[in-house]
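Novice:
Residue numbers (the UniProt record's numbering): 1 to 116.
1) If you draw a straight line from the C-alpha of residue 63 to the C-alpha of residue 72, how long is it?
2) Return yes when the Cβ of residue 70 is within less than 8 Å of the Cβ of residue 61, no when it is not.
3) Terminal residues of the continuous alpha helix (DSSP H) containing residue 73?
4) Alpha carbon to alpha carbon, how far is residue 65 from residue 58? Give it in angstroms, no decimals.
5) Do you know how far the Cα of residue 43 is from the Cα of residue 28?
6) Does DSSP classify residue 87 as helix, strand or coil?
7) Kindly indicate which three-state DSSP category residue 10 falls into: helix, strand or coil?
8) Report the rounded CA-to-CA distance for residue 83 versus residue 74, giving the unit in angstroms.
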């Protein structure tokens, strides 16, 4: 059998067996690449599914909060919402933002007693 080799790769064989071997190696390499890509895609899909789940939960929470705020506000406040959305730089605050946060309780100061 007459074969020509360059750097450990079969270039040409008279019987054609080398070409089949190269084709098999190429096919194996392509299958390996395909399996790695499929694994990476499955992993990414799982990450995206988890992100979607978190976003759906967050959206649901915000919708419930929005419904609660609407139920606690009066019609005048609700009528101002479209104007506030059109002018985001307005200085008026939404009702929830005007509430003062609780002030931290300071512990009583100890008298400064020096022993003389």
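Ideal placement from N, C-alpha and C gives every residue a C-beta, glycine not left out. Fair warning: this is a prediction, and the values are worked out from it, not measured in the lab.
Specialist: Looking at the atomic coordinates:
1) Cα-Cα distance, rounded: 14 Å.
2) Result no, Cβ atoms of residue 61 and residue 70 do not sit closer than 8 Å.
3) DSSP places residue 73 in no alpha helix (DSSP H); its state is neither H nor E.
4) Residue 58 and residue 65 have their C-alpha atoms spaced approximately 10 Å apart.
5) The alpha-carbon atoms of residue 28 and residue 43 are separated by roughly 23 Å.
6) Here residue 87 sits in coil by DSSP.
7) Caution applies to residue 10, whose pLDDT of 49 falls short of 50 and renders its modelled position unreliable; the model cannot decide the point.
8) So the alpha carbons of these two residues sit roughly 16 Å apart.
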